[in-house]
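S.K.: Protein chains in written order, with my numbering: chain A, 6 to 254; chain B, 6 to 254.
Positions of the beta carbon are idealized from the N, C-alpha and C atoms, including for glycine.
Number of protein chains: 2
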Amino acid sequence: MRDASKAMRDASRATRDPLTERRLPVIEMFGPTLQGEGRVIGLKTMFVRLAGCDYACVWCDTKYAWEPGQLARSEPLAPAAIVARLEAAAGGCRRVTLSGGNPALHDLAPLVEQLKARGWRTHMETQGSLAPAWLAEIDSATFSPKPPSSGMRTDWAVLAQALALCRDPDLKVVVFDEDDYAYAVDVHGRFPEVPLTLQVGNRVGEDTAATLLERLNRLADRALGDSRLGDVRVLPQMHVLIWGNRRGV
Amino acid sequence: MRDASKAMRDASRATRDPLTERRLPVIEMFGPTLQGEGRVIGLKTMFVRLAGCDYACVWCDTKYAWEPGQLARSEPLAPAAIVARLEAAAGGCRRVTLSGGNPALHDLAPLVEQLKARGWRTHMETQGSLAPAWLAEIDSATFSPKPPSSGMRTDWAVLAQALALCRDPDLKVVVFDEDDYAYAVDVHGRFPEVPLTLQVGNRVGEDTAATLLERLNRLADRALGDSRLGDVRVLPQMHVLIWGNRRGV
Chain A
6 MRDASKAMRD ASRATRDPLT ERRLPVIEMF GPTLQGEGRV IGLKTMFVRL
56 AGCDYACVWC DTKYAWEPGQ LARSEPLAPA AIVARLEAAA GGCRRVTLSG
106 GNPALHDLAP LVEQLKARGW RTHMETQGSL APAWLAEIDS ATFSPKPPSS
156 GMRTDWAVLA QALALCRDPD LKVVVFDEDD YAYAVDVHGR FPEVPLTLQV
206 GNRVGEDTAA TLLERLNRLA DRALGDSRLG DVRVLPQMHV LIWGNRRGV
Chain B
6 MRDASKAMRD ASRATRDPLT ERRLPVIEMF GPTLQGEGRV IGLKTMFVRL
56 AGCDYACVWC DTKYAWEPGQ LARSEPLAPA AIVARLEAAA GGCRRVTLSG
106 GNPALHDLAP LVEQLKARGW RTHMETQGSL APAWLAEIDS ATFSPKPPSS
156 GMRTDWAVLA QALALCRDPD LKVVVFDEDD YAYAVDVHGR FPEVPLTLQV
206 GNRVGEDTAA TLLERLNRLA DRALGDSRLG DVRVLPQMHV LIWGNRRGV
């Protein structure tokens, strides 16, 4: 039975068109731009944003990646087509950030494999609510478990599993209020060995560079005086400081 | 002769007071604060700024570390005293940045040894104009060779030697003008394997967060469109954005 099943799978595979199989729902691709967040802040990178999310954070700054109707507006692209588009736009850049939504919803193994074969460095952004085995193939990943103000709840066991799979993980917690700050301290206590960034919360349509820097100032003061956060980063979203709350940067 | 010389050195060492030997000229110690620059941006760290510099960059933002008369105003501290002061102020922080001036002017081997023995992570900031052997003991170091607008000239052979000694080096070039930008491209071409950050120039007493962000915007656009800079970071001095051009942050 197992042999027959395998033969069927092989036959099926042989007749698939490599340009149509495993298409991924692409919301947007852009770059080169600067990575705006976390430990990789400032790095020149291309972005691929995939549709769909298992969360629905109230303050999500990329709701266009997952709100009702958005999946229908995404473009289904095969991995080879994504790589071709990246290389047409990238100039000398060979770094790509896979984001969402939650890109871990999709099977990105074929895309990552093709990117790596062509010399790309792959970075992923996800909340760590899913732990697919192919996380082990990504060069680095930022896991941003969502604090109370998001309205979401964290499955700590799955997050631990995802972090353990990834070869070069870091953590990022967005902080809007006191409860979020306490959550960040909790995250650091649970995973003290994983680099942690506290990121100032950003209200799309309300915040300006000035209000973000003012809030960054307060968050920095708070974290600098807190001995529970011995080893931590505090950062703004740099792309918002430079370009404002615009899409596609 | 060599044995006699060694015996003399040993005798000399045995009679030294460990609290007075190898004192280092400390201009200021502060923290915990946030690292404002380069690949380590945002990290919570203590700072030790040592007096003296073999350069005299026209736009140096820490001239109080090396201008005439400043050495006399520094405090000579033994390594053990520096470590004690750090630990009294650090809270849970165990990361320290050794800066200047050019801290590579001094023999920092005893200080680094004591810091490491007590669980500190050491990071150094230097222009790479000197390559003392103890660079190999530092956990990480940012080398910032100075571009034409500084008025200084780079000894590329010494810089290469310093980079090779350090176990985890990165490069940072401050960009004020077109010549500086061309210099940064040259640096990347010479050391393509070392992570490079382009940092927006900052005129102390003139620049504000707004003018720095405007210049960051232009520098980012320039670097993003330049295929010679395939893998690069572009960053501001974050501490200046948060706290302005103040001393001791």
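Under 9 Å, CB to CB, which of the residues in the region 137–166 of chain B have a partner in chain A?
M.R.: Those residues of the region 137–166 of chain B that come within reach of chain A (Cβ to Cβ, closer than 9 Å) do not exist; the list is empty.
S.K.: Of all the CB atoms in chain B, is at least one closer than 8 Å to the CB of residue 121/A?
M.R.: The residue you call residue 121/A lines up with position 116 of the first sequence. No, because no Cβ of chain B sits closer than 8 Å to the Cβ of residue 121/A.
S.K.: I'd like to know whether the C-beta atoms of residue 193/B and residue 237/B end up nearer to each other than 8 Å.
M.R.: To locate residue 193/B, count along the second sequence from 1; it is residue 188. To locate residue 237/B, count along the second sequence from 1; it is residue 232. For residue 193/B and residue 237/B, yes; Cβs fall inside 8 Å.
S.K.: Under 9 Å between beta-carbons, which chain B residues line up against residue 229/A? List them in chain order, please.
M.R.: Position 224 of the first sequence, counting from 1, holds the residue named residue 229/A. Neighbours of residue 229/A on chain B, chain order: 36, 37, 38, 39, 49, 96 and 98.
S.K.: Assuming residue 135/B contacts residue 110/B under a Cβ cut-off of 8 Å, what Cβ separation, rounded to an integer in Å, is found between them?
M.R.: Within the second sequence, numbered from 1, the residue matching residue 135/B stands at position 130. Within the second sequence, numbered from 1, the residue matching residue 110/B stands at position 105. That belief holds up - the Cβ atoms of residue 135/B and residue 110/B are roughly 7 Å apart, short of 8 Å.
S.K.: Name, please, each residue of chain A whose Cβ falls closer than 8 Å to the Cβ of residue 187/B.
M.R.: In the second sequence, the residue the question calls residue 187/B occupies position 182. Within 8 Å Cβ-Cβ: nothing; residue 187/B doesn't reach chain A, min ~16 Å.
S.K.: For residue 100/B, which option in 90/B, 126/B, 107/B and 78/B has the closest C-alpha, if you only look at C-alpha atoms?
M.R.: Translated into positions along the second sequence, residue 100/B becomes position 95. The residue with the shortest Cα to Cα distance from residue 100/B is 126/B.
S.K.: Mapping the DSSP letters down to three states, classify residue 243/B as helix, strand or coil.
M.R.: In the second sequence, residue 243/B corresponds to position 238, counting from 1. Correct three-state label for residue 243/B: helix.
S.K.: Whose CA, out of 38/B, 29/B, 46/B and 221/B, lies closest to the CA of residue 240/A?
M.R.: The residue you call residue 240/A lines up with position 235 of the first sequence. The shortest Cα separation from residue 240/A among 38/B, 29/B, 46/B and 221/B belongs to 46/B.
S.K.: Could you list which residues in chain B have their beta carbon closer than 7 Å to that of residue 225/A, in chain order?
M.R.: One-based indexing of the first sequence puts residue 225/A at position 220. Within 7 Å Cβ-Cβ: 39 and 247.
S.K.: With 7 Å as the C-beta to C-beta threshold (strictly closer), list the residues of the region 170–201 of chain A near chain B in chain order.
M.R.: Cβ contacts with chain B: none found.
S.K.: Would you kindly check if the distance between the Cβ of residue 199/A and the Cβ of residue 168/A is under 8 Å?
M.R.: Reading the first sequence from its first residue, position 163 is the one you call residue 168/A. Reading the first sequence from its first residue, position 194 is the one you call residue 199/A. For residue 168/A and residue 199/A, yes; Cβs fall inside 8 Å.
S.K.: Can the beta-carbon of residue 243/B be found less than 8 Å from the beta-carbon of residue 103/B?
M.R.: As a first step, residue 243/B must be located in the second sequence, where it is residue number 238. As a first step, residue 103/B must be located in the second sequence, where it is residue number 98. No, Cβ-Cβ distance for residue 243/B and residue 103/B is not below 8 Å.
S.K.: Please report the residue range of the alpha helix (DSSP H) in which residue 212/B lies.
M.R.: Your numbering for residue 212/B matches position 207 in the second sequence. Taken as a continuous stretch (DSSP letters only), residue 212/B belongs to no alpha helix (DSSP H), as it is neither H nor E.
S.K.: Flag residue 250/B as yes if its beta-carbon sits less than 8 Å from any beta-carbon of chain A, otherwise no.
M.R.: By one-based count along the second sequence, residue 250/B stands at place 245. Chain A, which has no Cβ nearer than 8 Å to the Cβ of residue 250/B, makes this no.
S.K.: Name the chain B residues that come within less than 8 Å of residue 234/A, Cβ to Cβ?
M.R.: The residue given as residue 234/A occupies position 229 in the first sequence. Here the neighbours are 49 and 97.
S.K.: May I ask which residues mark the beginning and end of the alpha helix (DSSP H) holding residue 194/B?
M.R.: Looking up residue 194/B in the second sequence gives position 189. Taken as a continuous stretch (DSSP letters only), the alpha helix (DSSP H) holding residue 194/B covers 183–195.
S.K.: Under a CB-based cut-off of 8 Å, is residue 90/A close to chain B?
M.R.: As a position in the first sequence, residue 90/A is number 85, starting the count at 1. No, no contact with chain B.
S.K.: Starting from residue 37/B, trace the beta strand (DSSP E) in both directions and tell me its first and last residue.
M.R.: Position 32 of the second sequence, counting from 1, holds the residue named residue 37/B. Start and end: 29–39.
S.K.: Below 8 Å between beta carbons: does that hold for residue 84/A and residue 115/A?
M.R.: As a first step, residue 84/A must be located in the first sequence, where it is residue number 79. As a first step, residue 115/A must be located in the first sequence, where it is residue number 110. In contact: residue 84/A and residue 115/A (Cβ atoms closer than 8 Å).
S.K.: Output yes if chain B places a C-beta closer than 8 Å to the C-beta of residue 238/A; else output no.
M.R.: Locating residue 238/A in the first sequence gives position 233, where the first residue counts as 1. Closer than 8 Å: yes.
S.K.: Give a yes or no on whether the minimum CB-CB distance between residue 253/B and chain A is below 8 Å.
M.R.: Here residue 253/B refers to the residue found at position 248 of the second sequence. No, its Cβ sits nowhere closer than 8 Å to a Cβ of chain A.
S.K.: Report the rounded CA-to-CA distance for residue 184/B versus residue 128/B, giving the unit in angstroms.
M.R.: Position 179 of the second sequence, counted from the start, is the residue given in the question as residue 184/B. Position 123 of the second sequence, counted from the start, is the residue given in the question as residue 128/B. Using only the alpha carbons, I get a separation of about 29 Å.
S.K.: Return the residues of the region 210–222 of chain A that lie within a Cβ-Cβ distance of less than 7 Å from chain B, sorted by chain order.
M.R.: For the region 210–222 of chain A, which is checked against every Cβ of chain B, the residues closer than 7 Å are 214, 218, 221 and 222.
S.K.: Using only alpha-carbon positions, find the residue among 68/A, 55/A and 33/A that is nearest to residue 210/A.
M.R.: Against the first sequence, residue 210/A aligns to sequence position 205. Residue 68/A is the option with its Cα nearest to residue 210/A.
S.K.: Is it true that the CB of residue 70/A sits closer than 8 Å to the CB of residue 54/A?
M.R.: For the purposes of this step, residue 54/A is identified with residue 49 of the first sequence, where counting begins at 1. For the purposes of this step, residue 70/A is identified with residue 65 of the first sequence, where counting begins at 1. Going by C-beta atoms, residue 54/A is nearer than 8 Å to residue 70/A.
S.K.: Taking the alpha-carbon of residue 141/B as reference, which of 151/B, 172/B, 157/B and 150/B has the nearest alpha-carbon?
M.R.: As a working mapping, residue 141/B is identified with position 136 in the second sequence. Residue 141/B has its Cα closest to that of 172/B, out of 151/B, 172/B, 157/B and 150/B.
S.K.: Could you tell me which residues DSSP pairs with residue 128/A in its beta bridges?
M.R.: Residue numbering aside, residue 128/A sits at position 123 when the first sequence is read from its first letter. 102/A and 145/A.
S.K.: Around the Cβ of residue 52/A, are there at least 16 other Cβ atoms within 10 angstroms (buried) or fewer (exposed)?
M.R.: Taking the first residue of the first sequence as 1, we reach residue 52/A at position 47. Counting Cβ neighbours within 10 Å, residue 52/A comes out buried, since at least 16 surround it.
S.K.: Taking only beta-carbon atoms, is residue 46/A less than 8 Å away from chain B?
M.R.: Within the first sequence, numbered from 1, the residue matching residue 46/A stands at position 41. Residue 46/A counts as touching chain B.
S.K.: How about residue 81/A and residue 137/A: are their beta carbons less than 8 Å apart?
M.R.: One-based indexing of the first sequence puts residue 81/A at position 76. One-based indexing of the first sequence puts residue 137/A at position 132. No, they are not a contact pair.
S.K.: Within 10 angstroms of the Cβ of residue 12/A, are there 16 or more other Cβ atoms? Answer buried if so, exposed if not.
M.R.: Here residue 12/A corresponds to residue number 7 of the first sequence, with the count starting at 1. Low confidence applies to residue 12/A: its pLDDT is 42, below 50, so where it sits in the model is not reliable, and the reading given next is rough at best. Counting Cβ neighbours within 10 Å, residue 12/A comes out exposed, since fewer than 16 surround it.
S.K.: Give the single residue among 214/A, 48/A and 73/A whose Cα lies nearest to the Cα of residue 57/A.
M.R.: What you label residue 57/A is simply residue 52 of the first sequence in a count that begins at 1. The shortest Cα separation from residue 57/A among 214/A, 48/A and 73/A belongs to 73/A.
S.K.: Would you please verify whether the beta carbon of residue 35/A is less than 8 Å from any beta carbon of chain D?
M.R.: Going by chain labels, chain D is absent from the structure shown, which instead holds the protein chains A and B.
S.K.: Short of 6 Å in beta carbon distance, which residues of its chain neighbour residue 144/A, apart from the five on each side in sequence? Order them along the chain.
M.R.: Taking the first residue of the first sequence as position 1, residue 144/A is located at position 139. So the list reads 126 and 127, once near-sequence residues are dropped.
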